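So the sequence lines, in the order shown, correspond to chains A and B. Using the working numbering, read the first sequence as starting at 1 and increasing by one per residue. Using the working numbering, read the second sequence as starting at 1 and increasing by one per residue. Beneath this line is the structure, given in structure tokens, with notes to follow.
Protein chains: 2
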Amino acid sequence: MSTENKTIPYKIYLEENEMPKTWYNLRADMKNKPAPLLNPATLQPMTAEELSAVFCDELVKQELDNDTRDYPIPQEIQDFYKMYRPSPLVRAYCLEKKLQTPAKIYYKFEGNNTSGSHKLNSAIAQAYYAKMQGLKGVTTETGAGQWGTALSMACSYFGLDCKVFMVKVSYEQKPFRREVMRTYGASVVPSPSDTTQVGRKILAEFPGTTGSLGCAISEAVETAVSNPGYRYVLGSVLNQVLLHQSVIGMESKIAMDKYGIVPDVIIGCAGGGSNLGGLIAPFMGEKLRGERDYQFIAVEPASCPSLTRGRFAYDFCDTGKVCPMAKMYTLGSGFIPSPNHAGGLRYHGMSSILSQLYDDGYMEARSVEQTSVFRAAEEFARVEGILPAPESSHAIRVAIDEALKCKETGEEKTILFGLTGTGYFDLVAYEKFHNGEMSDYIPSDEDLQKSFATLPKVIG
Amino acid sequence: MSTENKTIPYKIYLEENEMPKTWYNLRADMKNKPAPLLNPATLQPMTAEELSAVFCDELVKQELDNDTRDYPIPQEIQDFYKMYRPSPLVRAYCLEKKLQTPAKIYYKFEGNNTSGSHKLNSAIAQAYYAKMQGLKGVTTETGAGQWGTALSMACSYFGLDCKVFMVKVSYEQKPFRREVMRTYGASVVPSPSDTTQVGRKILAEFPGTTGSLGCAISEAVETAVSNPGYRYVLGSVLNQVLLHQSVIGMESKIAMDKYGIVPDVIIGCAGGGSNLGGLIAPFMGEKLRGERDYQFIAVEPASCPSLTRGRFAYDFCDTGKVCPMAKMYTLGSGFIPSPNHAGGLRYHGMSSILSQLYDDGYMEARSVEQTSVFRAAEEFARVEGILPAPESSHAIRVAIDEALKCKETGEEKTILFGLTGTGYFDLVAYEKFHNGEMSDYIPSDEDLQKSFATLPKVIG
Chain A
1 MSTENKTIPY
11 KIYLEENEMP
21 KTWYNLRADM
31 KNKPAPLLNP
41 ATLQPMTAEE
51 LSAVFCDELV
61 KQELDNDTRD
71 YPIPQEIQDF
81 YKMYRPSPLV
91 RAYCLEKKLQ
101 TPAKIYYKFE
111 GNNTSGSHKL
121 NSAIAQAYYA
131 KMQGLKGVTT
141 ETGAGQWGTA
151 LSMACSYFGL
161 DCKVFMVKVS
171 YEQKPFRREV
181 MRTYGASVVP
191 SPSDTTQVGR
201 KILAEFPGTT
211 GSLGCAISEA
221 VETAVSNPGY
231 RYVLGSVLNQ
241 VLLHQSVIGM
251 ESKIAMDKYG
261 IVPDVIIGCA
271 GGGSNLGGLI
281 APFMGEKLRG
291 ERDYQFIAVE
301 PASCPSLTRG
311 RFAYDFCDTG
321 KVCPMAKMYT
331 LGSGFIPSPN
341 HAGGLRYHGM
351 SSILSQLYDD
361 GYMEARSVEQ
371 TSVFRAAEEF
381 ARVEGILPAP
391 ESSHAIRVAI
401 DEALKCKETG
411 EEKTILFGLT
421 GTGYFDLVAY
431 EKFHNGEMSD
441 YIPSDEDLQK
451 SFATLPKVIG
Chain B
1 MSTENKTIPY
11 KIYLEENEMP
21 KTWYNLRADM
31 KNKPAPLLNP
41 ATLQPMTAEE
51 LSAVFCDELV
61 KQELDNDTRD
71 YPIPQEIQDF
81 YKMYRPSPLV
91 RAYCLEKKLQ
101 TPAKIYYKFE
111 GNNTSGSHKL
121 NSAIAQAYYA
131 KMQGLKGVTT
141 ETGAGQWGTA
151 LSMACSYFGL
161 DCKVFMVKVS
171 YEQKPFRREV
181 MRTYGASVVP
191 SPSDTTQVGR
201 KILAEFPGTT
211 GSLGCAISEA
221 VETAVSNPGY
231 RYVLGSVLNQ
241 VLLHQSVIGM
251 ESKIAMDKYG
261 IVPDVIIGCA
271 GGGSNLGGLI
281 APFMGEKLRG
291 ERDYQFIAVE
301 PASCPSLTRG
311 RFAYDFCDTG
321 KVCPMAKMYT
331 LGSGFIPSPN
341 HAGGLRYHGM
351 SSILSQLYDD
361 GYMEARSVEQ
371 TSVFRAAEEF
381 ARVEGILPAP
391 ESSHAIRVAI
401 DEALKCKETG
411 EEKTILFGLT
421 GTGYFDLVAY
431 EKFHNGEMSD
441 YIPSDEDLQK
451 SFATLPKVIG
């Protein structure tokens, strides 16, 4: 190609008129579609009507739509994207030099916005559809606060009320993200709270509890369902979220095509799958359509290994078991990562789309231990400047490993990885790492047997 | 101009080949040059030889050079700039809409790097010249840690040792930036420390002291002077720093020229002057040469009003009085901002270059109170997405005020302001603001008389 000889800049920014106008729905090209969500009471596929009590109508449509390939991005969302997108596609010249690798390393950096991550891509879409539906507001849960921050920003932009249930221990110990959310006008409630039935029940049973994500989800869903004009929104796992996050991969592909770059390996960290699913989407589409082959690697923490050690089965999405059931790679909804696990990526399951693709052999998965992840984070920060989030650093770890393999073999592979966000709110973990107080943890087979026992028995 | 009809994108990014290749030395176009630094012992202008005991040779040359207009940016620094520059010039469409102003508002955003501010522009230059001189490392002081972080990143890139003396109270109460610095391999010492004579002396006299910037400067200078292969570096105030920071204004001007945009008003926050001096440099150059007129507004905290209420006189640059003396607008080296002052911009004096320009009538200055600054910060964050640093929010305050004036008068002014950085490490202050616990403070005339009494008597 004539474009192949262009000098590759350190950072490739698309022009505004080159930015994607559509999201890409990967499901349209999947032969084996992801399994449908099930109603936990009837074990029948959730209908649009059932889902619309919890989610916005348009998002329900997106969630259930396995066929439409391209979704036009509404102009209002395109305009919001212009405030922090396109995100740069960066050539990691300095990391390559440091590693002395013949590999060419690129990363798509999603951290240049106040939410500090890619989460904003879907938050703004979900807030938009809530606004279009004439809703008053939305509810959600948040752990450390990354998703809650993104949603607060999106709701502030559209003038929607935003109620965030924040796991109590995070609310108290990580006040900074809470203050960012308050800056954007969100009401942030420590969970469990006395504002919901389920919260009051849990507080009565366990007066000293510091909360859990499962409980916060239950409170957020109850609040949405019992308040007219409110719906519940979620930042990962769901098909709709992967659809919105396809903007990451679309931009990456447009930028790479512009310079004639073809990645051999595409690497992303995987918790619920929102970033990985978005990053790989258009490349995976080409692979599914038989147009071009790529190697995809999902990277997960060894302490929460849903793809590498989980089961592909229907499971509850939340510990409270109030949400629909999903077929996915899962450790069981009773799985709780070791307390020494520092980063995110602690969800017990994985996006149904990615689970299906993994099960069908289109994607690999690797698990990595957290001290090696922080070593990669520090090495990356020192040469590339950016202080990465622990989650993103899982992808850095494997990107470095792959580049070092190229050094051994002499292969000049082109590696693309997703740098999902910044670590400015994760410095307690960095401090532990610097002080040598960070340890690794791999759940034993017995641990996993116990959490697998929380899988529903009735369906395979 | 034909360019005037181009649609202005939300964000203007220069291409790599459009980025500035030179820094602009504003002094070359000043009729009244900034007064020279004086040796506090002899009251004679500091010679290059005297200065080179403390600073790197090339930086001494830059410090003393009032004549060379354009300094080529060394290729290694240009390469580093490419990792986080060009910084975007953003059209604040959403803020304009929110304010319903006919004004056109632009901001140059310097926060998209791990140091979180423009400080990196000079840190990398100073580290480069230290490396070129074959030095082992550099020393500096830091308060909350913004400058220390930038310098740590720069030193890590060039493999230089970096010793940061961090005011003890910040070291203990603001551990996050300390951890960022450690990630980049810097050694961070709480000041006062027992590693220096001056530190030990102060610890003996005031065993419970929590430290001060003045003391940290003294320790950093002593360490540089007494360790072979080390020099001291400083992040603001100095002429050399303004030279490096001219990259902000150069990029802004190139981007504006490209789209045929001419600012009427240029606004920047002013502490020591590094950002303001850099932002306005090429525009001020045109004004000094009589080519075009602009209105320049320096914005400072009402609690530390060096331009609006200070005296234009020779003063000590540090409370320890070990550094050369500078002629500047100053409140006296004994001035300490009220403890309720939240943001930075707490230096008692102001860059000699900016002081001279202000005294010659080329620039205005305004002081603003901190609760109004945080109100502006929050208003900005909610529509433009970015969570601004308290320092930067001083400029936002006045930009909003000017835009609202345009709303009254109907004038379609073009406003450019400097958004120097992000507020991710300032959330304790945001929390105070949200909780209604933030107050304003304006020093009384008596307060200022007391601090003016610390001015040296011998020279006017």
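Glycine is no exception: its CB is placed at the ideal position from the N, C-alpha and C atoms. Nothing here was measured: the structure is a model prediction, and the numbers come from that model.
Nearest-angstrom Cα distance between residue 59 of chain A and residue 233 of chain A? Computed Cα separation, rounded: 9 Å.
Would you mind giving the Cβ-Cβ distance between residue 389 of chain A and residue 423 of chain A, rounded to the nearest angstrom? I have them listed as a contact below 8 Å. Rounded, the Cβ-Cβ distance is 5 Å, consistent with contact.
Residues bridged to residue 328 of chain B [DSSP beta-bridge criterion]: Answer by DSSP bridge pairing, in chain order: B:313.
For residue 463 of chain A, would you say it is in contact with chain B, using Cβ-to-Cβ distances shorter than 8 Å as the test? Beyond the ends of chain A as shown, which are 1 and 460, falls residue 463 of chain A; an answer cannot be given.
Locate the beta strand (DSSP E) running through residue 237 of chain B, then write down its first and last residues. Per DSSP, residue 237 of chain B lies in no beta strand (DSSP E) and is assigned neither H nor E.
Determine whether the Cβ of residue 375 of chain A lies closer than 8 Å to any Cβ atom of chain B. So, not an interface residue.
Can you tell me whether residue 167 of chain B is helix, strand or coil according to DSSP? When DSSP states are grouped into helix, strand and coil, residue 167 of chain B belongs to the strand group.
Does residue 96 of chain A have its Cβ less than 8 Å from a Cβ in chain B? No, because no Cβ of chain B sits closer than 8 Å to the Cβ of residue 96 of chain A.
Reference residue 333 of chain B; option with closest CA among B:155, B:177, B:100 and B:212: The residue with the shortest Cα to Cα distance from residue 333 of chain B is B:212.
Selection from B:165, B:188 and B:120 that minimises the alpha carbon distance to residue 198 of chain B: The closest CA to that of residue 198 of chain B, considering only B:165, B:188 and B:120, is found on B:165.
Can you tell me which of the three DSSP states residue 95 of chain A falls into? In the three-state reduction of the DSSP assignment, residue 95 of chain A falls in the helix class.
Can you list the residues of chain A that residue 176 of chain B reaches, using a CB-CB cut of under 9 Å? Per Cβ cutoff of 9 Å: 176, 424, 425, 427, 428, 430 and 431.
Scan the stretch 169-253 of chain B and note each continuous alpha helix (DSSP H) run of 4 residues or more that stays entirely inside, going in chain order. Listed in chain order, the complete alpha helix (DSSP H) runs (minimum 4 residues) inside the stretch 169-253 of chain B are 175-183, 197-205 and 213-226.
What residues in its chain sit with their C-beta under 7 Å from that of residue 4 of chain B, if we drop five residues either side in the sequence? Reliability fails at residue 4 of chain B, whose pLDDT of 48 lies under 50, so the model's placement of it is uncertain and the value that follows must be treated cautiously. Hits under 7 Å: 260.
Considering only residues of the same chain and omitting the five flanking positions on each side of residue 306 of chain B, which have a CB-CB separation below 7 Å? Taking C-beta separations shorter than 7 Å and ignoring five residues to either side along the sequence, the partners of residue 306 of chain B in its chain run 300, 329, 330, 331, 348, 349 and 350, following chain order.
Under the three-state reduction of DSSP, which class applies to residue 4 of chain A: helix, strand or coil? Note that residue 4 of chain A has pLDDT 48, beneath the 50 cutoff, so the model's placement of it is unreliable and the number below is only indicative. Helix, per DSSP.
Kindly indicate which three-state DSSP category residue 10 of chain A falls into: helix, strand or coil? Residue 10 of chain A: coil per DSSP, three-state reduction.
Cα separation between residue 254 of chain B and residue 8 of chain A? Their Cα atoms are separated by approximately 22 Å.
Compare the C-beta of residue 3 of chain B with all C-beta atoms of chain A and state if any pair is closer than 8 Å. Residue placement at residue 3 of chain B cannot be trusted, given a pLDDT of 46 that sits under 50; the coordinates are not used to answer.
Span of the beta strand (DSSP E), counted from its first residue to its last, around residue 141 of chain B: For residue 141 of chain B, the uninterrupted beta strand (DSSP E) segment begins and ends at 137-142.
Between the stretch 365-392 of chain A and chain B, which residues of the former have CB atoms less than 9 Å from a CB of the latter, in chain order? Within the stretch 365-392 of chain A, contact with chain B at the beta-carbon level (separation under 9 Å) is assigned to 377, 378, 381, 382, 383, 384, 385, 386 and 387.
For residue 366 of chain A, name the three-state secondary structure that DSSP assigns. Strand at residue 366 of chain A.
C-alpha distance - residue 154 of chain B paired with residue 430 of chain B, whole-angstrom precision: Here the C-alpha atom of residue 154 of chain B lies approximately 29 Å from the C-alpha atom of residue 430 of chain B.
Rounded to a whole number of angstroms, what is the C-alpha to C-alpha distance between residue 83 of chain A and residue 385 of chain B? Computed Cα separation, rounded: 8 Å.
What does DSSP give as the partner residues of residue 415 of chain A in its beta bridges? Partner(s): A:105 and A:265.
For the putative contact between residue 209 of chain B and residue 217 of chain B, defined by C-beta atoms under 8 Å, what is the C-beta separation to the nearest angstrom? Contact between residue 209 of chain B and residue 217 of chain B fails: their C-beta atoms lie close to 15 Å from each other, not under 8 Å.
Look up residue 90 of chain B in the DSSP assignment and say whether it is helix, strand or coil. DSSP places residue 90 of chain B in strand when its eight states are reduced to three.
Between the Cα of residue 237 of chain B and those of B:195, B:400, B:297 and B:323, spot the shortest distance and give me the residue it belongs to. In this structure, B:323 is the residue among B:195, B:400, B:297 and B:323 with its C-alpha nearest to the C-alpha of residue 237 of chain B.
Could you give the C-beta distance for residue 12 of chain A and residue 77 of chain A, rounded to a whole number, given that I count them as a contact under 8 Å? Wrong, their Cβ atoms sit about 22 Å apart, outside the cutoff.
Can you tell which of A:173, A:220 and A:282 has its C-alpha closest to the C-alpha of residue 294 of chain A? When only C-alpha atoms are compared, the closest one is A:282.
Within the 8 Å Cβ cut-off, does residue 136 of chain A reach chain B? Under the Cβ distance rule, residue 136 of chain A does not count among the residues neighbouring chain B, no pair being separated by less than 8 Å.
Quick one: is residue 1 of chain B buried, meaning 16 or more other Cβ sit within 10 Å of its Cβ, or exposed? Residue placement at residue 1 of chain B is flagged as unreliable, the pLDDT there being 39, under the threshold of 50; the coordinate-derived value follows with that caveat. Burial check for residue 1 of chain B: the Cβ neighbour count within 10 Å stays below 16, so the residue is exposed.
Relative to the C-alpha of residue 220 of chain B, which residue among B:207, B:188, B:412 and B:61 is closest? Of the listed residues, the one whose Cα sits closest to residue 220 of chain B is B:188.
At least 3 beta-carbon pairs within less than 8 Å: the stretch 118-132 of chain A vs the stretch 45-54 of chain A: Short answer: they don't touch.
Hey, how far is the Cα of residue 142 of chain B from the Cα of residue 346 of chain A? It is roughly 36 Å from the alpha-carbon of residue 142 of chain B to the alpha-carbon of residue 346 of chain A.
Leaving aside the five residues before and after residue 315 of chain B along the sequence, list all residues of the same chain whose C-beta is less than 7 Å from its C-beta, in chain order. Contacts found: 325, 326, 328, 330, 332, 333, 349, 455 and 456.
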